[in-house]
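When we follow UniProt numbering, the leftmost residue of the sequence shown carries the number 1, and every step to the right adds one.
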Amino acid sequence: MRVVQFPKSEDEPLVAGEVAVSPRVEGRCVVEGPGEGEFAGRVRVSWEDGSVYHARRGSLQRLYDGLVVVARTEAFRALAAQVSREDAVLELGCSAGAATRLLVRRARTVVAVDKSKEMIRAAKDRAPGATFLQMDVLRDDAWDASEADVVFLDLGGVGALDHSATLLKRLLGRRDPRLVVVKSRELAACLAAAFHGDPVMHLVLADLLRAVFRQACLKAKRDTQIRVKDDHADEHNNNQDSGQLTMTTEPFP
1 MRVVQFPKSE
11 DEPLVAGEVA
21 VSPRVEGRCV
31 VEGPGEGEFA
41 GRVRVSWEDG
51 SVYHARRGSL
61 QRLYDGLVVV
71 ARTEAFRALA
81 AQVSREDAVL
91 ELGCSAGAAT
101 RLLVRRARTV
111 VAVDKSKEMI
121 RAAKDRAPGA
131 TFLQMDVLRD
141 DAWDASEADV
151 VFLDLGGVGA
161 LDHSATLLKR
171 LLGRRDPRLV
181 VVKSRELAAC
191 LAAAFHGDPV
201 MHLVLADLLR
211 AVFRQACLKA
221 KRDTQIRVKD
231 DHADEHNNNQ
241 DSGQLTMTTE
251 PFP
């Protein structure tokens with residue numbers, strides 16, 4: 001499973017042919033190239049309905065898959081733009097429903113879970129199109145991720161790292177969702193250090209990912225090993241921002 005640090009620099013160009021999304025517009029667009037003339041500095045994109053616009057780079061997101069980790073609430077909510085009408089979404093830790101409301105606007109279905117009765121009541125008022133469950137996801141195993149295409153996980157952003165890891169393990173053991181978005185300041189800090197060439201943090205992150213994904217991703221430990229790969233380590237000599245890590249599984253020789 002690919003692990004992505006978000007948000008990345010707005011200066012990083014989008015390549016022609018890439019699929020992108022925007023928090024401001026429902027649907028997906030295809031990047032056609034940089035704007036020219038009066039639209040210089042913008043990105044020319046074509047939307048699913050055939051319309052063509054010149055968008056600001058900062059208003060567009062790449063279409064992600066895998067595990068996306070954020071530290072801030074704003075980034076967590078902005079990633080609701082990644083959801084399409086084909087997606088069944090599971091939101092763990094919905095709080096008062098601010099992100100739920102955004103997800104309901106885009107998803108096929110949304111199941112939102114929180115342990116607080118007061119938060120569930122507020123979330124129902126804010127996002128009546130979702131299905132709500134009141135339970136402690138760390139203690140109650142009744143929530144079901146088997147149908148989820150996309151999972152949003154927020155335990156408050158400052159929760160213990162092992163809590164997020166525990167839930168990720170349970171999630172991925174039941175289904176292989178297209179996208180998992182996690183708000184965790186601790187995990188985001190680990191990723192930031194690893195992405196910026198800290199060799200110690202890179203090893204710490206590798207160990208963490210192995211612990212999280214081993215049982216979930218592997219049907220038989222004896223047949224498979226997990227490798228955490230820095231996609232640009234060779235070309236950057238581990239001294240520059242790598243942009244992403246990739247989790248792959250390989251058979252033992």
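Using N, Cα and C, we set each Cβ at its ideal position, and we do this for glycine too.
request  = Would you tell me roughly how many angstroms separate the C-alpha atoms of residue 91 and residue 138, rounded to the nearest one?
outcome  = Along the sequence shown, read from residue 1 onward, the residue named residue 91 stands at position 91. Along the sequence shown, read from residue 1 onward, the residue named residue 138 stands at position 138. Approximately 14 Å between the Cα atoms of the pair.
request  = Identify every run of the alpha helix (DSSP H) within the region 53–101, keeping only runs that are complete inside it and at least 4 residues long; order them along the chain.
outcome  = 73–78
query = Leaving out the 5 sequence neighbours to the left and right, which residues in its chain are closer than 6 Å to residue 78 when beta-carbon positions are compared?
reply = Working through the sequence shown from its first residue, we reach residue 78 at position 78. Contacts found: 23.
inquiry  = Classify residue 129: buried if its beta carbon has 16 or more other beta carbons within 10 angstroms, exposed otherwise.
reply    = Working through the sequence shown from its first residue, we reach residue 129 at position 129. Exposed is the call here.
ask   = Applying the criterion that 16 or more other CB atoms from any shown protein chain within 10 Å of the CB defines a buried residue, is residue 20 buried or exposed?
value = Within the sequence shown, residue 20 is the residue found at index 20, counting from 1. That one is buried.
message = Let me check one thing: in DSSP terms, what residues is residue 152 bridge-paired to?
response = Against the sequence shown, residue 152 aligns to sequence position 152. Answer is 91, 181.
inquiry  = Using C-beta distances below 6 Å, list every residue in its chain close to residue 94, excluding the 5 sequence neighbours before and after it, in chain order.
reply    = As a working note, residue 94 is residue 94 in the sequence shown. Only 100, 112, 114, 123 meet the Cβ criterion.
query = How is the beta strand (DSSP E) around residue 26 delimited, first residue to last?
reply = Taking the sequence shown and counting its residues from 1, one reaches residue 26 at position 26. Counting along the chain, the beta strand (DSSP E) containing residue 26 begins and ends at 25–34.
request  = Let me know the secondary structure DSSP gives residue 13 once reduced to three states.
outcome  = For the purposes of this step, residue 13 is taken as residue 13 along the sequence shown, with counting starting at 1. Residue 13 falls in the coil class under three-state DSSP.
message = For residue 188, which residues in the same chain have their Cβ closer than 7 Å to its Cβ, ignoring the five residues on either side in sequence?
response = Locating residue 188 in the sequence shown gives position 188, counting from the first residue. Excluding positions up to five away in sequence, the list reads 69, 70, 71.
ask   = Around the C-beta of residue 55, are 16 or more other C-beta atoms found within 10 angstroms, so that it is buried, or is it exposed?
value = Here residue 55 corresponds to residue number 55 of the sequence shown, with the count starting at 1. Classification for residue 55: buried.
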